[in-house]
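In this note's numbering, the protein residues as written are 1 to 733. Note that the Cβ used here is the ideal one computed from N, Cα and C, for glycine as well. All of these numbers come straight from a predicted model, not from anything done at the bench. Contents: one structure, followed by commentary.
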Amino acid sequence: MSPQPNAAVGAPLSRVDGRLKVTGGADYAADHDIEGVVHGVIVDASIGRGRITGIDTRTAEAQPGVLKVISHRNAPALDYRDNPGSNNPAGGRRLRVFQDDQVLFHGQPVAVVVATTLEAAQHAAGLVEVAYDAETPSTDLSDGDAPTNTPLTYARGDAPAALAAADVRMEMTYRLARNHHNPMEPHATIARWDGDRLTVWDKTQWVIGGTQTELAAVFGIPVASVRVISPFVGGAFGSGLRTWPHVTVAALAARETDRPVKVVLSRRQQYFGTGFRPAYEYQVQLGSDRNGRVSAMTHTIRSETSTYEPYGEQVLPVGQHLYSTPNVSQTYRTVRLDVNTPVPMRGPGFATASIAVESAMDELSYKLGIDPIELRLRNEPETDPANGNAFSTRRLRECYTTGAREFGWNRRNPKPRSTRDGDWLVGTGMAAGIYHTLRAPAQARLRLDADGTALVESATSDMGPGTYTSMTQVAADALGLPMRRVTFRLGDSLMPNAPLHGGSLTMASVGSAVLGGGNQLRRQAIELAVGDEESPLYGVAADTVVVRNGRLHVKDNPARGESYQQLLARNERDCLEVVGSFTPAQSRFTTEAYAAVFAEVAVDARLGLVRVRRMLSVYDAGRIVSPKLADSQALGGLVGGIGQALLEHTVTDHRDGRIVNANLADYLVPVNADIPDLKAIYLEGEDMEADPLGVKGIGEVVLVGVAPAIANAVHHATGRRIRELPITADALL
1 MSPQPNAAVG APLSRVDGRL KVTGGADYAA DHDIEGVVHG VIVDASIGRG
51 RITGIDTRTA EAQPGVLKVI SHRNAPALDY RDNPGSNNPA GGRRLRVFQD
101 DQVLFHGQPV AVVVATTLEA AQHAAGLVEV AYDAETPSTD LSDGDAPTNT
151 PLTYARGDAP AALAAADVRM EMTYRLARNH HNPMEPHATI ARWDGDRLTV
201 WDKTQWVIGG TQTELAAVFG IPVASVRVIS PFVGGAFGSG LRTWPHVTVA
251 ALAARETDRP VKVVLSRRQQ YFGTGFRPAY EYQVQLGSDR NGRVSAMTHT
301 IRSETSTYEP YGEQVLPVGQ HLYSTPNVSQ TYRTVRLDVN TPVPMRGPGF
351 ATASIAVESA MDELSYKLGI DPIELRLRNE PETDPANGNA FSTRRLRECY
401 TTGAREFGWN RRNPKPRSTR DGDWLVGTGM AAGIYHTLRA PAQARLRLDA
451 DGTALVESAT SDMGPGTYTS MTQVAADALG LPMRRVTFRL GDSLMPNAPL
501 HGGSLTMASV GSAVLGGGNQ LRRQAIELAV GDEESPLYGV AADTVVVRNG
551 RLHVKDNPAR GESYQQLLAR NERDCLEVVG SFTPAQSRFT TEAYAAVFAE
601 VAVDARLGLV RVRRMLSVYD AGRIVSPKLA DSQALGGLVG GIGQALLEHT
651 VTDHRDGRIV NANLADYLVP VNADIPDLKA IYLEGEDMEA DPLGVKGIGE
701 VVLVGVAPAI ANAVHHATGR RIRELPITAD ALL
C-alpha cells in the first residue's frame, strides 16, 4: 500500500465517531439547530392514479402558526433542467413536485403545510381537503397486461439448442417480494436560502453529484450556488442515492416563506416518499449433463418500475459471470406500474439474481444427487465466461472449502427431511455470492499542520460502514501518524469531489485518493527535509526516509531524523497541503468480490415456523482495511438476508395502490430473537488490479447469496421447495 509501517490498516479498531454517536453528539439531517427554522409537513395523495380536481386549504391556513400551504395551484414553475449526471434513471421524466394536477402513485406529495411548529403543521396538514378524479391504478407485477419497457438482452452460445440437447432439463420460476430499506434515521431535509444561494442539511449518500446537482437543476441555479451538508447518515442501504421529492419540497417551501424549513418524512411516508427494492419474477431454464456440467441457462426476468421513469438493476451479471455455462440467454423487462420509482437496495440486482440462480443450482444438485458444493466446483470457470478476461483474483473455490470446513458441511445427511431435533426439522444450505468491484474518480484534501496533526477532507458520505474510521486509518499510515493525530471530515459539498456512497466503491475510490494524497504529502515533507541544510536529514536520499509516529528518519538509522513539528517550525510553515486524486484505470482483468454463504435452519414440523440457527460466510474481498468494520458489514448483511428470505414483504392494496404495511409493526424485519450465531471469515490477500489499496469492497457482496442459502436450507430441512420469498409458515404447512 505504501512504504510506511502499517499500524492502522488491518487493525480491528473501534469507530472514531463511535462516542459521538452513542452520546448523541452526532448531528443527523434533522438535528441541526438552524436559527428561525419552521416546519413543513407533506400532504400525500390518497389515490393511486388520477387527477386533482380541487384543494381546499382555507381551514388549514386559518390555524395558528400556519405560514403557508403550497400545492400545484400556487407553486411557481420550476426549471427541472435535465440532470444526466445524477442518479436519476436514464430516460423518462422524473417526478416534478407541485407542477401539475396529475397523481402518478399513492402517497405522491400533493401539498405541503408550513408552520412555526411541527405540531401546528401536522394538525393543519390533516385539514387540507383534496378532491380527485380517481382511476384504478395498476400496481401488480403479475398483471400480464401492464406495459413494459424495451428489454435488456444478453446471449452467448445457443441456449435453446443446448437446452433441447441436454440430458437434464429443468424450469423454475421464482417470485421475490418488494422490500423497503427502513433505515433507523428517517429521511429529512432542512433548507435555507440566503439570497439566491441555497444550503441544505440533507440525508444523502451523494453529496455533490446527487443532492447538489439535482437541486441546482430543479431550481435553475448554478451548482456552486447550492451547498449540501450531510456529516452523518443514520443508515440508508441505497435509499439516499436519489434526491427525493421531499428535498425539493423543503427548498421550495423555504424560498416561498423566506424561512429555513425542515421536512422530516414520517415512518409511513418512507414507504412511498423514497424508493424500494422492486418486486421480481425470475424464470430459469437450465440444462446439464448427468455429471452436473451446466450446458445452458436462460433467464427471463420481470421487475416493477414507475410509469414515468424506467428503473433497471444489474440483475444480469450473476447469470453471466458466476458459472462457466457456455450457452446463456437473458431477457430483462421492467414493467410500468402506478408506483413510485425503485432505487438500489443493498446488493442491487446481484442479491436478487443470486436467489434465482443459486436456488436453481441447488435444485439441480438434488435432482442429480450431487453435493451442492461439488456441483458448483464442477462449473467453476477458469476465465471470465462473459468476456474471456482473466480474473484479478477469484478464490471462490477457497471460499467453498474454507466455509465447508468451518461450518462442518461434511456432517450433514444429504437426504432432505432426514434430521430432527424434537419437533424441529433441521437443514443446511449454501449459496455463492458475487459483486462487481466498482470505482469512480475521487478527490481528498490533506493538510499537515505545524502541530503535527493532519486534517483530511472529502465530500463523501458515511451511512454506516465506517468511512470516518477507515479513511483515518489509510491517512494515518500514509502520513506515518498515529490515528489520534488524524482527523477525517466528510459530507460537505465545499469539500473535494467524491462519488456516490454506495456500490461498495467508497473505500476503493475515496480511499485511493486519500492514500495517494497521503503519500504525496509525506513525500513533500521528506523533500523539504532532505533539502534543508539545518535538517538532520539534509542530503539523505529521499527514498531512504520513512515516517513513523510523526517523525521522519532514515530507514536504517532511526536516531537520525526529526518530527513534522520541528521541520515545519524551522521552515516557518503553518502547514503543508495537497489534494489527492484517484482515477480508475482501464483493466484487462475481471475484478469482483466473492462469497460462500452457509446456513442452518430449523423448521417446526407442525407449525411451519422457520428459525435460522447459525450462519457462516467466507469472503474473497481483497484487502480488509478494518476487520471490525468488515464484521459490522458482514454480520449486518447476514441479518438483512434473513429478513429478505423469511420476513420482508411490502404489501400493496391493488385497489388503490396503498401500501398496507407501511410501518415497522407490520413490515417485519429481523429483531434480536431472529438473529442466531453469525460468523464471517475473510481470505487474506489484496487485489492490486482493482485499485491502489487492493480492496474490492464488502458492503454489497455480504447480502448476495444469503437469502438463497437460507431457502436452500429450508428445502433440505423439509423437502419442500419454496420458490417465493419471503418464505412464510403457510407455504410450509
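Quiz prompt | Closest by C-alpha distance to residue 632, when choosing among 317, 617, 464, 576 | solution = 464
Quiz prompt | Proximity winner among 654, 667, 613, relative to residue 675 (alpha-carbon distances) | solution = 613
Exercise. Taking 8 Å as the threshold, find out whether the segment 389 to 408 comes into contact with the segment 589 to 601 through three or more Cβ pairs.
Key: yes
Self-check item: residue 267 classed as buried or exposed, judged by whether at least 16 other C-beta atoms fall within 10 angstroms
Solution: exposed
Practice problem: Look at residue 747 and residue 514 and say whether their C-beta atoms are less than 7 Å apart. | Solution: Examination of residue 747 is not possible in this model, given that the chain is present from 1 through 733 alone.
Quiz prompt | Per DSSP, cross-strand counterpart(s) of residue 327 | solution = 296
Quiz item: First and last residue of the beta strand (DSSP E) that includes residue 219?
Solution: Element bounds for residue 219: not the beta strand (DSSP E) but the alpha helix (DSSP H), 213 to 219.
Exercise. Let me know if residue 415 comes out buried or exposed under the rule of 16 or more other beta-carbons within 10 Å of its beta-carbon.
Key: exposed
Exercise. Measure how close the beta-carbons of residue 110 and residue 52 come, nearest whole angstrom, since I'm counting them as under 8 Å.
Key: 6 Å
Quiz item: In chain order, what residues of the same chain lie with their CB nearer than 8 Å to the CB of residue 308, ignoring the 5 residues before and after it?
Solution: 92, 93, 94, 95, 104, 341
Quiz item: What are the partner residues of residue 679, as DSSP defines its beta bridges?
Solution: 616
Quiz item: Just curious, the beta strand (DSSP E) that residue 435 is in, first and last residue?
Solution: 424 to 436
Quiz item: Looking at residue 357 and the ligand HEM, is the gap between the Cβ and the nearest heavy atom below 6 Å?
Solution: As far as ligands go, the structure on display features none, and thus does not contain the ligand HEM.
Self-check item: Residue range of the unbroken beta strand (DSSP E) whose run includes residue 262
Solution: 261 to 264
Exercise. Could you tell me which residues DSSP pairs with residue 575 in its beta bridges?
Key: 449
Exercise. Per DSSP, which residues does residue 286 bridge with? Please list them.
Key: 170, 297
Quiz prompt | Per DSSP, cross-strand counterpart(s) of residue 188 | solution = 264
Practice problem: Tell me, please, which residues DSSP counts as bridged to residue 40. | Solution: 114, 263
Quiz item: For the segment 541 to 551 against the segment 719 to 726, are there 3 or more C-beta pairs whose distance is under 8 Å?
Solution: no
Practice problem: Measure from the alpha carbon of residue 504 to the alpha carbon of each residue in 438, 137, 299, 88, then state which is nearest. | Solution: 438
Exercise. Ignoring anything shorter than 3 residues or poking outside the segment 448 to 485, list the beta strand (DSSP E) runs there in chain order.
Key: 454 to 458
Quiz item: Short check: CB of residue 471 to CB of residue 709, under 7 Å?
Solution: no
Self-check item: Residues sharing a beta bridge with residue 523, DSSP
Solution: Per DSSP, none; premise fails for residue 523.
Quiz prompt | Residues sharing a beta bridge with residue 102, DSSP | solution = 51
Quiz item: When we look at the beta-carbon of residue 540 and count the other beta-carbons within 10 Å, is it buried (16 or more) or exposed?
Solution: buried
Self-check item: residue 656 and residue 157 closer than 7 Å at C-beta
Solution: no
Quiz prompt | Alpha-carbon to alpha-carbon, residue 200 and residue 257 | solution = 15 Å
Quiz item: Helix, strand or coil for residue 393 per DSSP?
Solution: coil
Quiz prompt | Endpoints, beta strand (DSSP E) assigned at residue 376 | solution = From DSSP, residue 376 is part of no beta strand (DSSP E) but of the alpha helix (DSSP H) over 372 to 378.
Practice problem: Select from 481, 466, 39 the residue whose C-alpha is nearest the C-alpha of residue 16. | Solution: 466
Quiz item: Counting Cβ pairs closer than 8 Å, one from the segment 168 to 180 and one from the segment 279 to 297, do we hit at least three?
Solution: yes
Quiz prompt | Beta-carbon gap between residue 54 and residue 120 smaller than 7 Å | solution = no
Quiz prompt | Short Cβ contact (7 Å threshold) for residue 107 with residue 44 | solution = yes
Quiz item: How should residue 2 be labelled, buried or exposed, when 16 other C-beta atoms within 10 angstroms of its C-beta is the threshold for buried?
Solution: Residue placement at residue 2 is flagged as unreliable, the pLDDT there being 45, under the threshold of 50; a coordinate-derived value is accordingly withheld.
Practice problem: Please name the residue in 630, 638, 669, 634 whose C-alpha comes closest to that of residue 649. | Solution: 669
Quiz prompt | For residue 714, the first and last residue of its enclosing alpha helix (DSSP H) | solution = 706 to 718
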